[in-house]
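Here is the structure we will look at, set down as structure tokens.
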Amino acid sequence: MKLLQGRAEMRLLPSRHHFALFRLVAYLRLRNVTISGEPDRVLSINRYQSAPELFGVGWWLVLTVACYFASMMRALVLPLAIALAVPLAWIALQAVTVLTGLTLAPLVRFVARRPGQNNIRLNSFLVMLLLVIAASFFATQRTWVRFAAWQFLAAIALNALAATVVFFLGGDIARLESELGGPTSASSSLRSR
Amino acid sequence: MTDERRTFAGRFKVNGVFWRQFLRWAVLNVPMWLEPIIMAWWTGFFLLWGPGRRGVMRNLRAILPGSTAAGNFLRTYRVFWNFAWTIADHMRFQELRISPDWEFDGLENFQALEASKGGAIILTAHMGNYDLGAHLFATISDRRIVMVRAPETDARTREWVEQHHDRTATDGLNINFNTGAGELALELLESLQRGDIIAIQGDRVTPGIGTLPAKLFGYATEVPAGPFALAMASGVPIFPLFIFRRGHRRYRLLVGKPFEVIRTRNRAESFDRAVTQWTAELERAVRGAWFQWFTFQPYSKELG
Numbered sequence: 002m003k004l005l006q007g008r009a010e011m012r013l014l015p016s017r018h019h020f021a022l023f024r025l026v027a028y029l030r031l032r033n034v035t036i037s038g039e040p041d042r043v044l045s046i047n048r049y050q051s052a053p054e055l056f057g058v059g060w061w062l063v064l065t066v067a068c069y070f071a072s073m074m075r076a077l078v079l080p081l082a083i084a085l086a087v088p089l090a091w092i093a094l095q096a097v098t099v100l101t102g103l104t105l106a107p108l109v110r111f112v113a114r115r116p117g118q119n120n121i122r123l124n125s126f127l128v129m130l131l132l133v134i135a136a137s138f139f140a141t142q143r144t145w146v147r148f149a150a151w152q153f154l155a156a157i158a159l160n161a162l163a164a165t166v167v168f169f170l171g172g173d174i175a176r177l178e179s180e181l182g183g184p185t186s187a188s189s190s191l192r193s194r
Numbered sequence: 006m007t008d009e010r011r012t013f014a015g016r017f018k019v020n021g022v023f024w025r026q027f028l029r030w031a032v033l034n035v036p037m038w039l040e041p042i043i044m045a046w047w048t049g050f051f052l053l054w055g056p057g058r059r060g061v062m063r064n065l066r067a068i069l070p071g072s073t074a075a076g077n078f079l080r081t082y083r084v085f086w087n088f089a090w091t092i093a094d095h096m097r098f099q100e101l102r103i104s105p106d107w108e109f110d111g112l113e114n115f116q117a118l119e120a121s122k123g124g125a126i127i128l129t130a131h132m133g134n135y136d137l138g139a140h141l142f143a144t145i146s147d148r149r150i151v152m153v154r155a156p157e158t159d160a161r162t163r164e165w166v167e168q169h170h171d172r173t174a175t176d177g178l179n180i181n182f183n184t185g186a187g188e189l190a191l192e193l194l195e196s197l198q199r200g201d202i203i204a205i206q207g208d209r210v211t212p213g214i215g216t217l218p219a220k221l222f223g224y225a226t227e228v229p230a231g232p233f234a235l236a237m238a239s240g241v242p243i244f245p246l247f248i249f250r251r252g253h254r255r256y257r258l259l260v261g262k263p264f265e266v267i268r269t270r271n272r273a274e275s276f277d278r279a280v281t282q283w284t285a286e287l288e289r290a291v292r293g294a295w296f297q298w299f300t301f302q303p304y305s306k307e308l309g
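These protein sequence lines are chains A and B, in that order.
Residue numbering for the first sequence is 2 to 194, as defined by our numbering.
Residue numbering for the second sequence is 6 to 309, as defined by our numbering.
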């Protein structure tokens with residue numbers, strides 16, 4: 002567990018973001034922020050601390066998958082199809098997560114001979130892979146749904162590009178975080194257990 | 006056969022062990038970027054839990070005079086939403102040691118509590134993430150903290166929770182399950198005399214424990230007698246402490262001014278004065294954050 006004493010502005014530390022695109026944006030924003038004053042809070046350093054990122058991605062995925070479902074309800078008028086598709090997509094994403102968590106994740110662990118109970122990264126990869134496969138299918142359709150699929154694939158490509166940039170900026174990001182008392186600065190850590 | 010069936014079905018009741026195991030599984034398997042949508046869905050699902058929903062709505066009627074039933078139904082969703090996040094954050098801390106962010110209010114009182122050499126009682130409520138607060142305190146402080154919790158009502162859940170606590174324990178934090186009046190009293194008194202900090206929830210009574218009469222939002226209620234009796238017997242101060250959820254993985258720890266339960270010839274009057282101080286603090290906290298007071302039964306018989 003990594004905790005550090007800091008100010009509200011330090012919530013922008015790239016280490017507190019998950020996706021490369023958000024890490025890059027956080028880094029760019031952090032470069033223009035001046036942090037002064039005594040620490041007034043304890044900040045947690047982990048990849049899942051950004052609310053806009055996690056809420057944004059979650060609902061964006063629901064809406065994207067809802068477009069896929071709506072496109073399959075050809076017998077219904079579009080507004081009604083979308084109204085039905087949103088809860089369907091909402092359930093489907095959860096069902097897929099449960100299914101991969103109960104079947105694929107243990108299977109992959111068994112085959113790779115890596116026992117353990119924390120399947121978050123593995124499941125994240127598997128669910129995202131299934132979403133990419135679904136998007137690849139819908140992107141080939143001739144209806145409006147291809148735009149929904151393409152924006153998903155474009156976002157994935159953009160994130161991959163951001164990951165490359167973040168990789169090359171790794172030293173700069175670490176230096177900036179360290180200057181602000183971030184995770185690479187051992188002295189500022191409140192306590193690490 | 007019928008008994009076996011009933012026992013199996015009992016796992017799926019709202020306080021059954023299935024939901025604890027399912028939460029643990031979800032914390033270890035769900036991609037974090039799907040968590041918000043899953044929370045939103047399951048919060049809606051648990052609104053089907055009639056007794057809990059009605060309990061919260063009745064309490065809201067007392068906390069927010071003039072509020073409508075329809076409004077309180079929507080507010081109940083917010084209470085359940087916050088509850089879902091707090092138990093998930095606690096489970097995540099236990100399993101993955103991922104802590105949320107913390108802000109402090111009443112820092113001078115918090116520092117006084119940490120710096121005091123003798124024992125102290127933290128009196129808290131079923132608000133925000135009281136479990137996680139105790140873990141945080143044990144992590145950043147050198148003081149030993151003993152947390153007293155009401156046991157789960159379901160036997161299988163109780164067994165599971167106790168085993169889970171043992172397996173995921175934090176150094177410096179000892180959790181005791183209060184299983185009956187007076188059972189823990191001597192042990193806790195010894196702890197206070199050793200200089201430990203005892204954390205107790207003072208807003209809800211469980212069957213079998215001693216109580217004191219109180220008024221909350223104008224309605225008659227009862228609070229546990231234990232913390233006040235312990236404070237009087239040991240002469241240690243009581244620190245009111247509340248932990249509010251401020252947003253996604255973000256909490257605020259509010260420490261109020263300490264007060265003492267002064268021993269006088271009239272014990273009832275001493276208790277009465279202390280209980281009044283406590284309920285004033287509790288009312289202030291609940292009024293400001295009604296959406297995270299996790300009391301799922303009417304807190305007063307007058308509301309039932």
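Yeah, the Cβ is synthetic: ideal placement off N, Cα and C, and Gly gets one too.
**OP:** From the DSSP output, in three-state form, read off Arg8/A for me.
**Re:** Three-state DSSP puts Arg8/A in coil, outside helix and strand.
**OP:** Under 8 Å Cβ to Cβ from Ile202/B, same chain only, skipping five residues before and after it: list those, please.
**Re:** Leu118, Gly124, Ala125, Ile126, Ile127, Phe142, Arg148, Arg149, Ile150, Val151
**OP:** Spell out whether any CB of chain E is found under 7 Å from the CB atom of Gln152/A.
**Re:** Among the protein chains of the structure shown, namely A and B, there is no chain E.
Subject >> Sufficient close CB pairs (3 or more, under 8 Å) joining the stretch 36 to 54 of chain B to the stretch 270 to 288 of chain B >> reply: A contact is defined here as three or more CB-CB pairs under 8 Å, and the stretch 36 to 54 of chain B fails this definition with respect to the stretch 270 to 288 of chain B.
Original post:
From Ser207/A to Arg12/A, what does the alpha carbon distance come to, in whole angstroms?
Top reply: Because chain A spans 2 through 194 in this model, residue 207/A falls outside it and cannot be assessed.
Original post:
In chain order, what residues of the same chain have a beta carbon less than 7 Å from the beta carbon of Met237/B, not counting five sequence neighbours either side?
Top reply: Val266, Arg268, Ser275
**OP:** Return helix, strand or coil for Ser190/A, following the three-state DSSP convention.
**Re:** A caution first: Ser190/A carries a pLDDT of 44, below 50, which makes its placement in the model too unreliable to give a value.
**OP:** Could you tell me which uninterrupted beta strand (DSSP E) segments, each at least 3 residues in length, are contained entirely in the stretch 252 to 281 of chain B, listed from first to last along the chain?
**Re:** Here the runs fully enclosed are 255 to 260.
Original post:
From this set, Leu31/A, Arg42/A, Met74/A, Tyr69/A, which residue's C-alpha is nearest Ile134/A's C-alpha?
Top reply: Tyr69/A
Original post:
At a cut of 8 Å, does the stretch 248 to 259 of chain B reach the stretch 132 to 141 of chain B through at least three beta carbon pairs?
Top reply: yes
Original post:
Just the Cα atoms here: how many angstroms apart are Ser305/B and Pro56/B?
Top reply: 15 Å
Original post:
So which of Glu40/B, Asn87/B, Phe50/B, Leu79/B has the shortest CA-CA distance to Phe299/B?
Top reply: Asn87/B
Original post:
Around the C-beta of Ala161/A, are 16 or more other C-beta atoms found within 10 angstroms, so that it is buried, or is it exposed?
Top reply: exposed
Subject >> Three-state secondary structure (DSSP) of Val26/A >> reply: helix
Subject >> chain A within 7 Å of Ala75/B, Cβ atoms only >> reply: no
Original post:
Going along the stretch 237 to 261 of chain B in order, which residues come within less than 7 Å of chain A, judged by CB to CB distance?
Top reply: Cβ contacts with chain A come from Gly252, His253, Arg254.
Subject >> Extent of the continuous beta strand (DSSP E) to which Arg42/A belongs >> reply: Element bounds for Arg42/A: 42 to 45.
Original post:
Name the chain A residues that come within less than 7 Å of Met62/B, Cβ to Cβ?
Top reply: Within 7 Å Cβ-Cβ: nothing; Met62/B doesn't reach chain A, min ~25 Å.
Subject >> Of the residues Ala74/B, Phe50/B, Lys122/B, Trp38/B, the one placed nearest Gly200/B, counting alpha carbons only >> reply: Lys122/B
Original post:
Exposed or buried, Asp176/B, counting other C-beta atoms within 10 Å across all chains shown (16 or more means buried)?
Top reply: exposed
**OP:** Would you kindly check if the distance between the Cβ of Leu108/A and the Cβ of Leu127/A is under 7 Å?
**Re:** Contact: no.
Subject >> Integer Cβ distance of Gly207/B from Pro232/B, believed to fall under 8 Å >> reply: 6 Å
Original post:
Comparing alpha-carbon positions, which option in Phe50/B, Arg63/B, Val22/B, Phe27/B lies nearest Phe222/B?
Top reply: Among Phe50/B, Arg63/B, Val22/B, Phe27/B, the Cα nearest to that of Phe222/B is on Arg63/B.
Original post:
Grouping DSSP H, G and I as helix and E and B as strand, with all else coil, what is Phe20/A?
Top reply: coil
Subject >> Cross-chain neighbours of Asn119/A in chain B, by beta carbon under 7 Å >> reply: Leu33, Leu101
Original post:
Taking the alpha helix (DSSP H) that Asp173/A falls in, what are its first and last residues?
Top reply: 171 to 180
Original post:
Which stretch, first to last residue, makes up the alpha helix (DSSP H) that contains Trp86/B?
Top reply: 74 to 101
Original post:
Can you tell which of Leu29/A, Ile92/A, Ala150/A has the C-alpha that lies nearest to the C-alpha of Ser72/A?
Top reply: Ala150/A
Subject >> Exposure label - Leu5/A; buried when at least 16 CB within 10 Å >> reply: Burial call: buried.
**OP:** Determine, using beta-carbon pairs with one atom in the stretch 74 to 91 of chain A and one in the stretch 30 to 49 of chain A, whether at least three such pairs fall under 8 Å.
**Re:** no
Original post:
What are the start and end residues of the beta strand (DSSP E) that includes Met37/B?
Top reply: Neither: Met37/B is in no beta strand (DSSP E) and is coded neither H nor E.
**OP:** Pull up the distance between the alpha-carbon of Pro41/B and that of Leu55/A, whole angstroms please.
**Re:** 7 Å
**OP:** Give me the Cα-Cα distance between Phe148/A and Pro40/A, rounded to the nearest whole angstrom.
**Re:** Here the C-alpha atom of Phe148/A lies approximately 46 Å from the C-alpha atom of Pro40/A.
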